[in-house]
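Asks: Residue numbers (UniProt numbering), protein chains in the order written: chain A, 1 to 417; chain B, 1 to 165.
Note that CB positions come from ideal geometry on N, CA and C, so glycine has one too.
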Amino acid sequence: MNQTIAEKILSRHSGKKVLAGDICIADVDLIMAQDGTAPLAIRAFEKMGKKKVAYPEKSIFVIDHNSPSPSIGVSQLHALMRNFVKKQKMNFSESGSGICHIVLPERGYIKPGNLIIGADSHTPTYGALNAFAIGIGSTDIAAGLYTGKLWFKVPETIKISLRGKLPKGVFAKDIALFLIKNLRADGANYQVIELKGKGVESLSMDARFTLCNMLVETGAKSAILEVDKKTEKWLKEYKVNGLNPVSPDKNASYCQVLEFNLSNLEPQIAKPHRVDNVVSLKKLAGKRIDEAFLGTCTNGRLEDLRIAASILKGKKVHRNVRLIIVPGSREIFLNAVKENLIKIFIEAEAAVLPPGCGPCVGTGQGVPADKEIVISTANRNFKGRMGNPDAFIYLASPATVAASSIKGKITDPREFI
Amino acid sequence: MILKGKVHKFGEDVNTDYIISGRYKFKSLNMKELSTHIFEDIRPGFFKEISQGDFIVAGENFGCGSSREQAPLVIKESGISAVLSKSFARIFFRNCINVGLLAIECSTEKIELSDVLEINLEEGIIKNLTRKKILKFKKLPGIMIQILKAGGLAPYLKKKKKFDV
């Protein structure tokens with residue numbers, strides 16, 4: 001029986017050999033919830049009638065969606081999380097530390113071959129480190145806290161081979177948008193995407209995180225990569241040892257095999273109000289923008305900030321535009337300070353906010369006015385996503401967002417690179 | 001289990017932000033209060049159109065987007081007793097069952113606004129009483145039926161203490 005990566009990881013964790021379509025109960029290696037989902041998980045856990053979390057060392061709550069808290073209601077829920085974490089002796093990431101999907105890999109929580117559940121839909125980000133990471137809801141998290149296990153339906157896998165190498169000015173975000181355009185918003189529903197090929201190998205680790213993160217928008221249960229030299233180097237840097245990577249069998253069974261060439265890819269952009277409403281940037285070049293947002297679990301990494309800084313250096317944000325920049329974690333923020341990227345942003349007259357999800361979910365700062373147009377590096381452009389249902393959100397790469405913020409209109413970043 | 005109610009129609013790819021906006025969901029665990037904002041960004045005033053026991057009937061990929069369990073919870077709290085859709089996004093579907101909200105995957109083209117339906121969960125049959133038509137639906141995996149019958153995953157684990165497949 002030949003197996004995909006997902007089938008192998010679920011087999012390893014359930015103690016029996018499973019294939020797509022099987023249902024299994026598996027031990028999980030890490031359980032994560034954030035401040036939008038943890039409070040409900042605590043309530044569900046209490047309803048289950050157990051006093052103690054089964055594996056506190058494998059359980060973590062992160063405050064990132066509202067960081068720091070903007071209101072009394074949110075503060076009360078944050079306090080509920082802090083009390084629970086203290087009582088249960090669980091791991092915790094306080095507001096200001098950064099976004100769960102960036103902080104957890106940095107702190108060495110994610111290992112190749114792991115099975116991870118997270119109450120956040122972008123949990124598959126960890127697939128860049130060869131972990132099978134699945135987004136779930138609060139009650140499933142409570143069940144994980146209670147038992148250390150969860151039930152899974154073993155998913156089918158789509159294999160996507162990326163050939164070639166990205167041209168200058170085109171980035172992982174553009175690959176993700178292009179793939180979402182091809183697969184559509186439910187093209188990979190219930191399925192896992194295995195990415196491979198020279199095109200993947202050529203990407204940096206930061207770019208790989210972006211790709212795995214964003215492919216959730218195809219409905220995929222997860223996205224996952226194999227371990228290579230770059231992964232090993234990254235893990236070593238973050239002091240993750242004892243690797244147990246998982247590769248697919250040569251004759252593993254895939255429900256779909258797709259191949260794309262990156263060499264001729266152009267900058268892409270998703271139009272309101274759907275993530276799969278993607279066109280080539282050139283079709284929208286010149287369109288007015290009011291706000292530009294750089295950050296999130298998709299594009300708030302150091303490489304993203306470096307790319308933006310290389311474009312913004314010595315320039316000013318257009319007078320009709322507000323540029324908001326949110327480093328994805330405290331470590332990234334600190335490195336961006338050391339590398340003078342923050343100085344470049346401030347001199348360009350951007351607003352730099354503390355690490356967290358920032359304006360992405362419309363919970364606090366950066367809410368657009370009626371009819372305003374936002375260009376953003378986030379992963380969703382649903383109506384009302386940033387807090388105003390009468391605003392319009394376009395999704396693009398950090399380079400496109402930085403270039404557009406200077407010109408005051410949607411701009412091809414290749415003009416600056 | 002037999003459910004009877006009136007239909008509210010929705011289109012394709014209805015995401016969880018539309019069901020309950022992030023503007024509200026981070027602030028409170030009071031689902032009664034949150035449910036008054038159900039579908040506010042795409043259909044303002046929808047909450048007032050719901051009668052106890054009504055159904056939501058939608059196209060492909062209902063519940064896509066964020067993992068927020070507030071989405072099925074506000075649907076349940078608003079009085080809706082089941083969501084019928086051509087297909088569901090996976091996290092939302094799991095969340096429905098986990099909170100005890102019936103989610104049925106079936107062909108929905110021929111169901112219209114305000115039709116009255118009668119759903120028989122055990123037999124896997126939907127009777128459209130308005131159009132005198134019968135629809136069949138695929139049964140859920142055994143573990144999901146057990147969770148649903150227990151009233152959700154919390155009461156299931158309270159009773160069983162562990163997963164039982």
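#1: Against SER107 of chain B, what residues of chain A qualify as contacts under a CB-to-CB distance less than 7 angstroms, listed in chain order?
#2: State buried or exposed for ARG288 of chain A, treating a residue as buried only when at least 16 other CB atoms are found within 10 Å of its CB.
#3: Between the Cα of ARG94 of chain B and those of A:GLY96, A:ILE60 and A:ASP140, spot the shortest distance and give me the residue it belongs to.
#4: Compute the beta-carbon to beta-carbon distance between GLY98 of chain A and PRO355 of chain A, rounded to the nearest angstrom, for a pair I have assumed lies under 8 angstroms.
#5: Kindly list the residues whose CB is nearer than 6 angstroms to the CB of GLU60 of chain B, restricted to its own chain and excluding five residues on each side of it in sequence; keep chain order.
#6: What are the complete alpha helix (DSSP H) segments, minimum 4 residues, inside the segment 80 to 154 of chain B?
#7: Is any beta-carbon of chain A found at less than 7 angstroms from that of LYS160 of chain B?
#8: What residues in its chain sit with their C-beta under 7 angstroms from that of PHE333 of chain A, if we drop five residues either side in the sequence?
#9: For the structure I just gave you, are there three or more beta carbon pairs, one from the segment 305 to 321 of chain A and one from the segment 397 to 417 of chain A, closer than 8 angstroms?
#10: Just the chain B side, please: which residues come within less than 7 angstroms of VAL361 of chain A by C-beta, in chain order?
#11: What are the residues of the segment 177 to 202 of chain A that lie near chain B, defined by any Cβ-Cβ distance shorter than 7 angstroms?
#12: Under the criterion of a Cβ to heavy atom distance below 6 angstroms, does LEU225 of chain A qualify as lining the ligand SAM?
#13: Among B:VAL14, B:TYR18 and B:HIS8, whose alpha-carbon lies nearest the alpha-carbon of ARG385 of chain A?
#14: Residues of chain A with CB closer than 7 angstroms to the CB of ILE91 of chain B, please, in chain order.
#15: Would you call the CB atoms of VAL246 of chain A and ILE117 of chain A closer than 7 angstroms?
#16: What residues from chain B crowd round GLY21 of chain A, counting only those whose CB sits closer than 8 angstroms?
#17: Drop a sphere of 10 angstroms on the beta-carbon of ILE417 of chain A, count the other beta-carbons inside from all chains shown, and report buried for 16 or more, exposed for fewer.
#18: Does GLU69 of chain B have its Cβ less than 7 angstroms from a Cβ in chain A?
#19: Can you tell me whether ALA369 of chain A is buried or exposed? The criterion is at least 16 other CB atoms within 10 Å of its CB, across all chains shown.
#20: I want to see whether chain A comes within less than 7 angstroms of ALA154 of chain B, judged by CB atoms only; does it?
#21: For the segment 58 to 71 of chain A, which residues have a beta carbon sitting closer than 8 angstroms to at least one beta carbon of chain E?
#22: For MET1 of chain B, does the count of other Cβ atoms within 10 angstroms reach 16, so buried, or fall short, so exposed?
#23: Are at least three pairs of beta-carbons, each pair with one atom in the segment 126 to 141 of chain A and one in the segment 151 to 165 of chain B, less than 8 angstroms apart?
#24: Rounded to the nearest angstrom, what separates LYS198 of chain A and ASP304 of chain A at their Cα positions?
#25: Given that a residue counts as buried once 16 or more other Cβ atoms are within 10 Å of its Cβ, and exposed if not, what is ILE31 of chain A?
Replies: The answer reads as follows:
#1: Residues of chain A passing the Cβ test: none, with the nearest at roughly 16 angstroms.
#2: exposed
#3: A:ASP140
#4: 4 angstroms
#5: GLU12, LYS86 and SER87
#6: 90 to 99 and 142 to 150
#7: no
#8: PRO327 and PRO355
#9: yes
#10: GLY22
#11: ALA185, ASP186, ASN189 and TYR190
#12: Among the components of this structure there are no ligands whatsoever, and the ligand SAM is therefore not found.
#13: B:TYR18
#14: SER121, GLY135, ILE136 and GLY137
#15: no
#16: Per Cβ cutoff of 8 angstroms: no residues; GLY21 of chain A is ~10 angstroms from chain B at best.
#17: exposed
#18: yes
#19: exposed
#20: yes
#21: The structure shown contains no chain E; its protein chains are A and B.
#22: exposed
#23: yes
#24: 22 angstroms
#25: buried
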